[in-house]
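These notes concern the structure reproduced below.
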Amino acid sequence: MSNVPADLRYAKTHEWTQVAADGTVTIGITDYAQNSLGDITYIQMPKVGAVLKAGQTFGVVESVKAASDVYAPVAGTVLAVNQLLEATPEKVNQAPYTDGWMLKLTLANPADVNTLLNAADYGKHIG
Amino acid sequence: MSVPQVTPLNAFHRQHGGRMVDFAGWDMPVQYRSILEEHKAVRQRCGLFDVSHMGEADVQGPDALKFLQHLVTNDCRKLFPGRILYTVMCYPHGGVVDDLLVYMRAPDDYLLCINAGNIAKDIAWMKEQAQGFNCSVVDRSPDYAQLAIQGPTAAALVQTLTLTNLAEIKYYHFGQGEVAGVKCLISRTGYTGEDGFELYCDATAGAGLAEAILAAGGPFGLELTGLGARDSLRLEAGFPLYGHEITDQITPLTAGLGWVVKFDKGPFVGSAVLQREKAEGSTQKIVYFKTNDRRIVRAETPVCDAAGLVVGRVVSGTLSPIINEAIGTALVAATAAAAPLVVDIRGTKINLQLVKPPFATLKKN
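Protein chains in written order, with numbering that gives the first Met the number 0: chain A, 0 to 126; chain B, 0 to 364.
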């Protein structure tokens, strides 16, 4: 069974978001996604300052099996990327919701987060 | 043909968390836990692979040696009872039918180990080629389970389960004995570049043998290992895989397997064409590369020269968990094989650094 933390919001494309008190969001891929991909070997990330539209590809997650695009669940500007993943992309396998976070965004429209799935609905989505 | 075949260990894999995939028509575990971790376990400790999907054939009769000399490219006169030979067999045009191991049990009695995906094709080919020779070719594939225990601690682990003195079985030799009470052909061979064994036993005894090895494996750091690690280990060791580095369109000389092609033994299937290729030089070449980059260069990626002209294609590619960079093989025009070679990965140009395998230091005996 995949781990789907109750306090996060999800995109159907298997990214999670967590809104901080200051209105920034942290984004990563879900436990279900990392498990489906298998051993992650390389992660291509956007540059800090990049402006992303909702649904836009922000990077590539590569596993032994395949390379897959990852999508911005909400629109915003890249505030930070997880530098740790450059040398140790396996952190996404080991801790997809904590050490394996991918980027932080300043939201374009804070209300966008409400359009994302809650944990119960994402759980149903991955059935 | 849509229902995958299963090995005698199918239930074992499922009980132990194997992630099952279709491989060459077989339902096999690609991994149990992590391909990268399983790979490292085999380099550092040991791993247990189910290789029961591999095919076996008996070649028996007074003309068995004569037939094998005709069939394969290597010189089977080097064999003696208990000795194993790696070879390929070719079509008359020089392309490879399959690569295989030849075990001599007695001068008129041989066991061949062939690739899972090629069993039907190989058996038909061998029967056709055996016409006129006083020997039989019999498919024994369903009768055997085959387990590979590979890695630096493999010998110590297997020794706890057998009275056979494994020190007396050298690399590419085999003996008969009991392992965990199961009658086995004990072969000191493998497809990982590490020391280890391939155990051939009766199909019905395979799952029990696997459980016994797993139960004894704890102190030796044994890990269950799947086909994912098997592929990355063989590539890192520099071993060809049928369908990639060798095919019916890629000759052994093109693939860098000239060392198993022995012209001085007399004519064999494909020898005329291969001799010409040797004299005139191969027009294409399989090269091994690394990239100093973690982005995997996957099979079928076009390979370009410095001017951007396509000169070949990648045939195998993975990440080496040991050197932590992408490694692979490419089939390229021989004229380009010494020049700078470049691939494009999602818009980034990556230079291929040609190397002579193995990519990692191996400790096989």
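Every residue, glycine too, gets a C-beta built ideally from N, C-alpha and C.
| Item | Value |
| --- | --- |
| Under DSSP, the alpha helix (DSSP H) around H92 (chain A) begins and ends at which residues? | The sequence given here places Asn at residue 92 (chain A); His does not occur at that position. Unbroken alpha helix (DSSP H) run through N92 (chain A): K90 to Q93. |
| Which residues share a DSSP beta bridge with W258 (chain B)? | Per DSSP, none; premise fails for W258 (chain B). |
| Mind pulling the beta strand (DSSP E) runs of 3 or more residues that sit fully within the region 165–192 of chain B? | 173–178 and 181–186 |
| Under 8 Å by Cβ, that's how I've got A329 (chain B) and V302 (chain B) pegged, so tell me the actual separation to the nearest angstrom. | 5 Å |
| Counting only Cβ pairs nearer than 8 Å, list the residues of chain B close to V63 (chain A). | I34, L35, G227, S231, I295, T317 and L318 |
| Span of the alpha helix (DSSP H) holding M125 (chain B)? | I118 to Q128 |
| Less than 8 Å between the CB atoms is what I'm expecting for C45 (chain B) and L156 (chain B), so what's the real figure, rounded? | 6 Å |
| Taking the alpha-carbon positions, what's the I113 (chain B) to V178 (chain B) distance? | 23 Å |
| Measure the beta-carbon distance from L223 (chain B) to L47 (chain B) and round it to whole angstroms, keeping in mind my assumption that it falls under 8 Å. | 6 Å |
| Which class does E197 (chain B) belong to by DSSP, given the choice of helix, strand or coil? | strand |
| Could you give the first and the last residue of the continuous beta strand (DSSP E) run that contains Q30 (chain B)? | W25 to Q30 |
| Out of B:H172, B:E193, B:C200 and B:E167, point me to the one whose CA is closest to G180 (chain B)'s CA. | B:C200 |
| Kindly indicate which three-state DSSP category G418 (chain B) falls into: helix, strand or coil? | This structure cannot speak to residue 418 (chain B), because chain B is shown only from 0 to 364. |
| Under the DSSP definition of a beta bridge, which residues are partnered with C75 (chain B)? | Partner(s): none; C75 (chain B) has no beta bridge. |
| If the cut is a Cβ gap below 7 Å, which residues of chain B does G22 (chain A) touch? | What G22 (chain A) touches in chain B: nothing, since even the nearest Cβ is about 32 Å away. |
| Helix, strand or coil: which one does DSSP assign to A66 (chain A)? | strand |
| Using 8 Å as the threshold, is the region 209–220 of chain B in touch with the region 165–174 of chain B, meaning 3 or more CB pairs across them? | no |
| Taking the continuous alpha helix (DSSP H) assigned at S231 (chain B), which residues delimit it? | L226 to A236 |
| Give the residues of chain B in contact with T56 (chain A), contact being defined as C-beta atoms less than 9 Å apart. | In chain order: nothing, as chain B lies at least about 11 Å away. |
| Are L70 (chain B) and V268 (chain B) closer than 8 Å when you measure CB to CB? | yes |
| Does the Cβ-Cβ distance between D138 (chain B) and Y241 (chain B) come in under 8 Å? | no |
| Mind checking which residues open and close the alpha helix (DSSP H) that includes E324 (chain B)? | Here E324 (chain B) belongs to no alpha helix (DSSP H); instead the beta strand (DSSP E) covers E324 to A332. |
| Specify the secondary structure class of N364 (chain B) as computed by DSSP and reduced to three states. | Reliability fails at N364 (chain B), whose pLDDT of 42 lies under 50, so the model's placement of it is uncertain and no value is given. |
| With a threshold of 8 Å between beta-carbons, can R312 (chain B) be considered close to chain A, or not? | no |
| Please name the residues in the region 336–350 of chain B whose beta-carbon is closer than 7 Å to at least one beta-carbon of chain A, in chain order. | R345 |
| For a cutoff of 8 Å on Cβ pairs, would you count Q352 (chain B) as touching chain A? | no |
| Tell me, to the nearest whole angstrom, how far the beta carbon of G205 (chain B) is from that of P7 (chain B); I am working on the premise that it is less than 8 Å. | 4 Å |
| Quick one, are the C-beta atoms of V80 (chain A) and V69 (chain A) less than 8 Å apart? | no |
| Based on the DSSP secondary-structure assignment, which residues constitute the bridge partners of T56 (chain A)? | A:Y70 |
| Pull up the CB-CB distance for P72 (chain A) and L115 (chain A), whole angstroms please, since I reckon it's below 8 Å. | 6 Å |
| Going by other Cβ atoms of all chains shown within 10 Å of its Cβ, with 16 needed for buried, is V286 (chain B) buried or exposed? | buried |
| Determine the chain A residues that contact Q30 (chain B) at a beta-carbon separation under 9 Å, and present them in chain order. | G37, D38 and V63 |
| Hey, would you say L226 (chain B) sits closer than 8 Å to F22 (chain B), going by beta carbons? | yes |
| What do you get for Y143 (chain B), buried or exposed, if any count of 16 or more other CB atoms within 10 angstroms of its CB means buried? | buried |
| Helix or strand or just coil, what does DSSP make of I295 (chain B)? | coil |
| Any beta carbon from chain B within less than 8 Å of V18 (chain A)'s own beta carbon? | no |
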